[in-house]
Structures are given as C-alpha cells and as structure tokens.
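In this note's numbering, the protein residues as written are 40 to 281. Data first, discussion second: the structure below is written as structure tokens.
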C-alpha cells in the first residue's frame, strides 16, 4: 500500500469520528446556539451547509485512492493540517455542546487557522477545480462561524457593551468587516465560490433579524459578495483560457 493511500485511510478514520460526533450532537449544538442566540447568528436552515461541506470533503478523500501519483501534490501539501482540522472540528462540537463557550471559541479559532493553512497551500500550487472546492466552502463557513461563536461567547457572559458599543453596533461592524474579508480573499485567490458562502450566511442573518439596519447592511453585503463572485469567476475563466 502506498503512503498516499495510508494517509487516505487515516483521513477516513478521523473524518468518520468527526462526522459521528457532529451528527450525534447536532440537536445539542442547535439547542446551545439557540439558548444563547446573538443577532449575527443565521437562521437555522443556513447550518444545512455542513452537509454539503462534509459530503464534498468525503468525495475529496475518496478521490485520493484513484488519482495518479503526479496529481497527489495537493494531498501531500496538507496532510497533517487536514488531520488536525478534523480533530479540532470534533473538539469544537464537544466543547460547544458542553457549554464550554470560551474554550470552544479558542478551538474554532484554531480550526479556522488550519483552514487558512490548507487553503493557502492548495492555492499556492497548480490545482484543478475540485482540489479546492470543499475548502472554499469549509473556509468560508468557518470564517462566519468563528465570528458567530465570538458573539455567542459575549452573550453567554452577559456582555451588553464593548468599547461603548452595543450588540447591534458590533453586528453591523462585523458584517462590514466580514464582507471586506470576503472581497479580499475572493480577489486575491480568484475564488468565486468562497463569497457565495457569505451570501448564504448573510441571507440567513437577514431572515433571522428584525432590525432594519442589520437587514440593510446584510443586503448590501450580499450584493457586493455576488459582484465579487462574478468578478472572480470571470478572471478565473480568462486566466484558464490564456
């Protein structure tokens, strides 16, 4: 058995453990989030994106067993980071459902860091569309989830104001910051899929909210995210033709 296939088996084992914990704790995650809901938390349906993320990662792992040696460069670049990512994902589920919100915030920040390393590693080499597809989705969603987790922490601590600003103000600020980050990543890496995850989450935030200002800012963010997605798609196609 080749080294690549051995890593594939390790991926599948750790992935399976992570998936089991996620689906076993799915109700508890929702209950914990709803009991300490922040204004920036998307509507419940938005979390269904996890199913798409996990399915695409599973197919990405299975693909490792069938590709040629020369095509395994992507897998070689991120092998340790992916295992660490799966472990942190499972750890986040355990801590969040146990109401250890502070620790879960630290863990999801670590989870986001592993995704940054994976995403940058793939983007730095020659890759095909599916090499990065699962991680564009995953990276985008965890970026939003990290922000939501921080707000959940503030709510759980009973924090009413930070630096003289209330939750509504901070929600609006973070919607602007998240949109700016989305635009930067999309243009820098010519990734049209990454901003669509923000469109999905911002739509969920707008639907869940009754505050007019939050809805308007989320709407503007959605427009900009769609625009940058189209721009990245155009530039990416133009570069592939050249």
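Ideal Cβ positions, reconstructed from N, Cα and C, are used throughout, including at glycine. This one's a predicted model, so the numbers in the text were calculated from it and none came from an experiment.
Spatially closest choice to residue 155 from 143, 166, 174, 139, by CA coordinates: As a first step, residue 155 is located in the chain shown; it is residue number 116 there, counting from the start. Residue 174 is the option with its Cα nearest to residue 155.
What do you get for residue 167, buried or exposed, if any count of 16 or more other CB atoms within 10 angstroms of its CB means buried? To locate residue 167, count along the chain shown from 1; it is residue 128. Flag for residue 167 reads exposed.
Contact between the region 68-86 and the region 185-195 (3+ Cβ pairs under 8 Å): yes
Distance check for residue 106 and residue 46, CA to CA, integer angstroms please. Residue numbering aside, residue 46 sits at position 7 when the chain shown is read from its first letter. Residue numbering aside, residue 106 sits at position 67 when the chain shown is read from its first letter. C-alpha separation (whole angstroms): 14 Å.
Alpha-carbon spacing of residue 143 relative to residue 160, whole angstroms: Position 104 of the chain shown holds residue 143. Position 121 of the chain shown holds residue 160. Answer to the nearest angstrom: the Cα atoms are 26 Å apart.
Would you list the one or two residues that DSSP bridges to residue 200? Within the chain shown, the letter at position 161 stands for residue 200. Looking at the DSSP assignment, residue 200 forms a beta bridge with 205.
Just mark residue 211 as buried or exposed, buried being the case when its beta carbon has 16 or more other beta carbons within 10 Å. In the chain shown, residue 211 corresponds to position 172, counting from 1. Buried, because 16 or more other Cβ atoms sit within 10 Å of the Cβ of residue 211.
Start and end of the alpha helix (DSSP H) containing residue 173? Walking along the chain shown from the start, residue 173 turns up at place 134. Note, residue 173: alpha helix (DSSP H), 168-195.
Which of the three DSSP states, helix, strand or coil, is assigned to residue 105? Walking along the chain shown from the start, residue 105 turns up at place 66. Residue state, collapsed to three classes: coil.
Of the choices 240, 197, 207, 209, whose alpha-carbon is the least far from that of residue 221? Within the chain shown, residue 221 is the residue found at index 182, counting from 1. The candidate whose alpha carbon is nearest that of residue 221 is 240.
Label residue 178 either buried or exposed according to how many other C-beta atoms from any shown protein chain fall within 10 Å of its C-beta, with 16 as the threshold for buried. Start at 1 with the first residue of the chain shown, and residue 178 comes out as number 139. Classification for residue 178: buried.
What's the C-alpha gap between residue 246 and residue 140? Locating residue 246 in the chain shown gives position 207, where the first residue counts as 1. Locating residue 140 in the chain shown gives position 101, where the first residue counts as 1. Computed Cα separation, rounded: 25 Å.
For residue 237, is the classification buried or exposed, using 16 other Cβ atoms within 10 angstroms of its Cβ as the cut-off for buried? The residue given as residue 237 occupies position 198 in the chain shown. With 16 or more other Cβ atoms within 10 Å, it is buried.
Proximity below 7 Å, CB of residue 151 to CB of residue 181: The residue you call residue 151 lines up with position 112 of the chain shown. The residue you call residue 181 lines up with position 142 of the chain shown. Cβ distance < 7 Å, so residue 151 and residue 181 count as in contact.
Are at least three pairs of beta-carbons, each pair with one atom in the region 196-207 and one in the region 88-100, less than 8 Å apart? no
Closer than 6 Å by C-beta to residue 49: which residues in its own chain qualify, once you throw out the five before and the five after it? Chain order, please. Sequence index remark: in the chain shown, residue 49 carries index 10 (1-based). The answer is none, since no qualifying residue turns up.
Can you tell me whether residue 321 is buried or exposed, with buried defined as 16 or more other CB within 10 angstroms of its CB? Because the chain spans 40 through 281 in this model, residue 321 falls outside it and cannot be assessed.
Runs of alpha helix (DSSP H) wholly within the region 50-105 (minimum 4 residues, chain order): 65-74, 88-102
Check residue 131 in the structure and name its three-state DSSP category. Here residue 131 corresponds to residue number 92 of the chain shown, with the count starting at 1. Helix.
Compare the Cα-Cα distances from residue 87 to each of 256, 243, 272 and report the closest residue. As a first step, residue 87 is located in the chain shown; it is residue number 48 there, counting from the start. Out of 256, 243, 272, 243 has the C-alpha closest to the C-alpha of residue 87.
Can you tell me whether residue 228 is helix, strand or coil according to DSSP? Position 189 of the chain shown, counted from the first residue, corresponds to residue 228. Three-state result, residue 228: coil.
Taking contact to mean at least 3 C-beta pairs separated by less than 8 Å, is the region 111-120 in contact with the region 128-139? no
Which same chain residues end up closer than 8 Å to residue 215 when comparing Cβ atoms and leaving out the 5 residues on each side of it in sequence? Stepping through the chain shown from its first residue, residue 215 is reached at position 176. So the list reads 256, 260, once near-sequence residues are dropped.
Determine the burial state of residue 233: buried for a count of at least 16 other Cβ atoms within 10 Å of its Cβ, exposed for fewer. The residue labelled residue 233 in the question sits at position 194 within the chain shown. It counts as buried.
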